[in-house]
Structure formats: C-alpha cells, structure tokens
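K.L.:
I'd like to ask some things about the structure below.
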Amino acid sequence: MRIGCTMNKNNKVQSTKRKVQSMLSFTRFFMLLGCQMFFLAYFPLTLQADQRSIFGQRTTPAQDINQARLLEEMGQLERAAAQYEMVLRKSPLNAPALNALPRLYINLQQYDKAIGLLENQIERTPRSIVFRRSLADVFLRAGRLDKAREQCAALIEIYPKDESVIRLIAALYVTYAHYHEAVQAYVEGRRTIGNPGVFALPLADIYTTLVDVPNATAEYARWLTIQPRQFPVVDDRIDQLTGLMDPKLMEKALRGTTSEHANNKEVHKLFGNFYLRHNQPVEALEQYRKADRLDGSRGVYLLEFATWAMRETHHEEAISAYKDLMNTASAQLIKSRASVGLAEAYRFLGRRDEAMTAYQQTLSQYPRTAQSEEAMFHIADLHLTYLHDPSKALIAFRTLLAVAPESSFRAEAMFRMAECHLSRGSIRDAITQYNRILDPSSKLADPHVLARAKFHLAEMDLFRGELDSALEKFNEVADGFTGSAYANDALQWSIFLSESPRGGGDTVKAFINAHLLKRQYKPDNSLDAYKQFLSDHANSPMGDLAILEIGVLLDEMQKPHEAIAAFRDLIDRYPESRLGVKAQHHIAELYEHRLMDIPQAITEYETILINYPDHFKNDAIRRRVRDLTLNHPPQP
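Right under this line is the structure:
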C-alpha cells in the first residue's frame, strides 16, 4: 500500500512538471515573437545589413526574400525594395530579387533605379529577352521612346526570325498606343522571316484601330487565305469596319484584295457578302460565281448565295443563281435543293405556273428525297390555293402521306386535307380530319398544332350556324393556349359572338359567310362579301377585322398598293382598334418584301414603335429596323 501511494505521488509530480514546462514554452514563444515584431517595427532594415537576426543567427536568402515579399504584400513598397536591395548585395544574381525590384521601382516611379538595375543585368546577360523587354517597358513608361526603340532593335537583331519576340515587341508598343512602331515591327519582321502571311491578324487589328481601311482589309483578306475556316470572323470584322466609314472606301479596298488574291474563293465570297449587305445583288452574284468556279463549279457557293438572296428578297438574282446551278455539274443534292429553291422564288413572286413547273421537275428528277417531299406538298398546295381544284389537291396530299408518312410536312398536309374538304363544301369531313389531328394516335402533340386544330373546329361550328358551341370552343382556345397565335383570333371571335344578338342575326351571318369564302380559297368572292358586309353593317364591331381581311386578301392577290390602302383605312377609321398594330405591321412588310422600298419599310416599322410603344413584338421590330438600316444604308 505504501509503495502504491508513493508511485501515485511521483506520477502527480511528473504531471505537474510537464504542465509547467508546457506553459513556460508557450510563454517563451510569445515573448520571442513580440520581440521580433518590436524589432521589425522600430529598427530600420539597414541595421540588419550585418546579416544577423535579433537572435544572433544569420538569415538565409530565402528568409530575406520571404520577408521582402511580406513587406510588399503589406503595401510597404519602399521597405520591400530596400530588403530586395540587401538581398542583391548578398547575392547579386538572386533571381526573385532581380525580377521583383524593377516592378517595385516602377510602382514607386523610381525609373532611373530600374533602368540602372536592368542595364547592369543586360551587361551580364546581353541576350536576355526578359531584361531587354523589361528595360524597353521602363523607357516607355518614362516617356523615352527613343531608348525603348534601341532595346527593341537590339532584341530583333539578336532574334531576327523569332516570331514570339516580334509579337512581344509589337504588343509592348500597342500597350502604350505606339501603333505605328508596332506596325513597323510586324512589317519588318514579316519581311525578315520571308512569310507574307505571318502577323496578318494582329496587323489587321492595329490597322482597324487606326481606321486604316485599305491596310486593315488587306490584312484580313491575307489572314483569310491562311485560315479559311475563320471566314465568319473575318466577314464580321469587315462588316464592323465598314460601319466606321463610307462603304465606297471598303468597296475599293475589297476590290484591291480580290485583285491580289484573284485565285482565292473565300476572298471573292467576302466581297460578295459586302455587296449583299449593301443591296447590290448583281455585283454579289458575280463574286459568288467567281468563287464557285474556283471551287470547281461544285455549286456550293452559288447555292449559298441564292439562299442569302432569297432571305434578303433579291428573288430575281436568286433565280439566276438557281438556274446556273441547274446547268452545272453539281452534285444531285445541290441540284435538287436548287430546283426546289427556284420553285420557291417563283412562288414568292406570284409566278405560280412557273413554280408548278419547277416543283414538278423536282419531283420527277429527284424522287425520294427531302426536296421531292417538299415539291409534292407545294404541288398539292397550288392545286388547292391557286388552281382551286380541292379534289386533286386532296389526292396529292394523301399521296404525300402515303409515300412519306414521317415527312416533315405531315402536320401541315393533314391541315391542308381538312381545308380541301372545306373547299369542297364538306364541313363534316373537315371536322373529321381536324379530330384526326387531335387524336393521340396522330402523335401531333405540339401546343401550336392543338390550338390550331381546336380553333378550326370552332370555325366549323360557325359555318354550321352553331354559334354557342363555337363560342365555347373559341373561349377554350383563348384561355387554354395563351401563348399561341390563335389565342388572339379566338378572343376576337369570342368578343364578337358575345356582343352579337342571340342567334346571330344578319350581321353575324354576313361576316361568317365572307370568312367561309376566304377559308374555301375563293378570294374574289370573299373580297366582295367583305366589302358588302362593310356597306351593309358599317357600325359593326367586326368592321376593323373585315377591313384587315380585305387587306390580307388583296396582298394574296398580288395587289400590294391596294392592300396598303386597306390597312391604312383600318387605322384611320378605327384608331383605337387592337388590330391597328397588326395592320401597320402588314404595311411595313409589304414595303419591305413586295415593293422592295426599304427606306419606307423602315419608316413604317418605326411607326409601330412610336404609335404602339407597348406592343409585345417591339424588340423584334427594333432588331429588324437595325438590320435594315445596316444592310441598306441611306443613299446620298
């Protein structure tokens, strides 16, 4: 027992000693740390030049560097510089100090010290790119361009064909806006290297900054010859550069580049795009033809031109390109696309007989292709809408779905089949067809398709005189498909039917009859019916819609001036109508696409922005105005 007691006491003593030693070590650490901080705060760094710490120990270069970095991080730049200087006195070739000191001198604006230090290092290592570049940088900061040139010239003399060195020097000049020196560095470097294409893109950027159109254009074209896949970038740069000056200057510059690079197809395409943007389709087609010949007359460039020309409503030039394609040794795929494109251009211009011939040619020469499916659809559509032969159209649509049941035209063909039934006077068959579209087995689940089918079913009730059922269906479309284009039309019909006397009356019946004739593709009869409606029911709440339908019919009948007059009549007679903005939009589109009067089209689009500032399509209209203004600048 006594032995056990003694052991316990010894353990307790040892434990107490350990605790005391631990506390003493902890206290000693903080005392030493406090002394060191006191020393750093109150004793100048020069006192440490004896290379000893306050504990009598020598410091290593690494410790000195760490201390300098700490001072720099604390924002004490002068003390950090002094510390680095001490390091260099101890070790003249210490890399961290040599790299850090010039930066500190520059930040302290002690340029002479930086220059002296760097010159000393260059004496030791005259081929050093880093030191010479840094010295040139300091000279430029100090405003001593001549001295900077000397260092850059020395570097180029040492490394005359090193592209990275030349880029480094030019970039340094650009940093301080010495653009002409940068150009000189690139041009002389290119000559020395012997590669006329090197440095093309950075030179083009500098020339663009200087608004030097000829040289910028030449360099962009030169870069394009080296990097043809970068065509979209170059095309965009040329477009932006054109916006900075008179397009005539750019045209002259591009003509010069096509002379220099006469055998480069991308350069000719670049020139062609310029002409397309500036409403010169004939000149554009000439450049695209040259590009296509240089491409082995494969038709790729001509097809690209025709597609763009169609988009920009240059239909006659598109037709010329499509005809060229049909007479070349192009691949069958390109020829089939050209054939259907030719038909589309004819159809847009109202030359429906020529369109029909072109579609039939596509169908016979390129069967079982996506283009043949498109041709089949449009042939059937022309039978319905132009030749007014719904029975023949119905057979053609059925043939299309039988031959290509998964065709991209499937949904539209099914809707057209319902219209064929309606045009033949069979409302019941039309209803059956619309219900077939709504049947889940059709797999046509797109909300737009469903809204369209339900809207037309409501119309069928109108034509059968079942106005209550029609009203219910219109309300369903207006409430259930708010994001659909058919929702607004359904709402218009709902308001009209709700405000009409029970059972309709003569006003409602007259309007519905005019609408039925329009849906049956009988434009002349429908036009007369709408005019009669306005004459007999001048105060009808549907008067504005009747005038709108008249304008649409006149447009479809290729009478743009009369259509514009009708739309303006709607705006004048019904200034508060919700259809006013739609009429104004039709006017703008007629000037743009039918009459090709771009300045007037811009004016009409801008009228929408002014008179209907809350219209939900105004953002799109602003973009259209911007595009038209850019691509069709005002002529002096």
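For the sequence shown, the residue numbers in my numbering are 241 to 876. Positions of the beta carbon are idealized from the N, C-alpha and C atoms, including for glycine.
1) Assuming contact is defined by CB atoms lying nearer than 8 angstroms, are L481 and V453 in contact in what I supplied?
2) If we count the other Cβ atoms within 10 Å of its Cβ and call it buried at 16 or more, is F270 buried or exposed?
3) Taking Cβ positions, are A691 and F736 nearer each other than 8 angstroms?
4) F751 lies in the alpha helix (DSSP H); which residues open and close that run?
5) Indicate the three-state DSSP secondary structure (helix, strand or coil) for A502 in the structure shown.
6) Evaluate contact between the stretch 713-727 and the stretch 747-757, counting only Cβ atoms and requiring at least three cross-stretch pairs below 8 angstroms.
7) Can you tell me the Cα-Cα spacing of D593 and E584, whole angstroms?
8) For D402 and F371, I'd like the C-alpha separation in whole angstroms.
9) Mind pulling the alpha helix (DSSP H) runs of 4 or more residues that sit fully within the stretch 606-672?
10) In this structure, does DSSP put K799 in helix, strand or coil?
11) Kindly indicate which three-state DSSP category R319 falls into: helix, strand or coil?
12) In whole angstroms, what separates the C-alpha of Y460 from that of Q350?
13) Name the residue from A595, A571, H661 whose alpha carbon lies nearest to the alpha carbon of R538.
14) Should R668 be labelled buried (16 or more other beta-carbon atoms within 10 Å of its own) or exposed?
15) Does the Cβ-Cβ distance between S647 and Y606 come in under 8 angstroms?
16) Could you compute how far the alpha carbon of E552 sits from the alpha carbon of R866?
17) For P436, which three-state DSSP category applies?
18) Could you check the C-alpha separation between I433 and I446 for me, to the nearest Å?
19) Since H826 and I848 should fall inside the 8 angstroms C-beta cutoff, what is the C-beta to C-beta distance between them, to a whole number of angstroms?
20) Using 8 angstroms for Cβ pairs, my map puts L341 next to Q323. What's the rounded Cβ distance?
21) I294 by DSSP, collapsed to three states: which one?
22) So, T465 versus N504, is the Cβ gap smaller than 8 angstroms?
23) Quick one: what does DSSP say P781 is sitting in, helix, strand or coil?
24) Going by alpha carbons, who is nearest to Y831 out of C660, L344, Y845, D386?
25) From which residue to which residue does the alpha helix (DSSP H) around V580 run?
26) Using the C-alpha atoms, what's the distance from R587 back to A615?
27) Skipping 5 residues on each side, what residues in its chain have a beta carbon closer than 8 angstroms to that of G296?
28) Roughly how many whole angstroms lie between the Cα atoms of H688 and F617?
29) How far does the alpha helix (DSSP H) with P301 in it extend, from its first residue to its last?
30) What span of residues does the alpha helix (DSSP H) with M836 cover, start to end?
31) For the candidate residues G590, A546, R477, K632, whose alpha-carbon lies nearest to that of A228?
32) Under 8 angstroms, with one C-beta from each stretch per pair, do the stretch 789-809 and the stretch 754-763 reach the 3-pair mark?
33) With 16 other CB atoms within 10 Å as the buried threshold, where does V522 fall?
34) Do I787 and A806 come within 8 angstroms of each other at the CB atom, strictly closer than that value?
35) With H, G and I counted as helix, E and B as strand and the rest as coil, what does DSSP make of N728?
P.N.:
On the basis of the supplied data:
1) The answer is yes: Cβ separation under 8 angstroms.
2) Any reading at F270 must be qualified, since the residue scores a pLDDT of 42, below 50, and its modelled position is unreliable; the value itself is stated next. Classification for F270: exposed.
3) no
4) 745-759
5) A502 falls in the coil class under three-state DSSP.
6) no
7) 12 angstroms
8) 17 angstroms
9) 610-625, 630-643, 650-663
10) coil
11) helix
12) 42 angstroms
13) A571
14) exposed
15) no
16) Distance between the alpha carbons of E552 and R866: 14 angstroms.
17) coil
18) 20 angstroms
19) Actually they are not in contact, since the Cβ atoms of H826 and I848 sit about 11 angstroms apart, beyond 8 angstroms.
20) Not really, about 10 angstroms apart at Cβ, beyond 8 angstroms.
21) The pLDDT assigned to I294 is 32, lower than 50, so where the model puts this residue is not dependable, and the model offers no usable value.
22) Taking C-beta atoms as the reference points, T465 and N504 count as a pair closer than 8 angstroms.
23) coil
24) Y845
25) 572-588 is the span of the alpha helix (DSSP H), which, as asked, contains V580.
26) Answer to the nearest angstrom: the Cα atoms are 12 angstroms apart.
27) Unreliable positioning characterises G296 in this predicted model, as indicated by a pLDDT of 41, which lies under 50. A coordinate reading is not provided.
28) 20 angstroms
29) 301-313
30) M836 -> no alpha helix (DSSP H), and no H or E assigned at all.
31) No answer is possible for residue 228: the residues shown for the chain start at 241 and end at 876.
32) When Cβ pairs closer than 8 angstroms are counted between the two stretches, the stretch 789-809 is seen to touch the stretch 754-763, the count reaching three or more.
33) exposed
34) yes
35) Note: N728 maps to helix in three-state DSSP.
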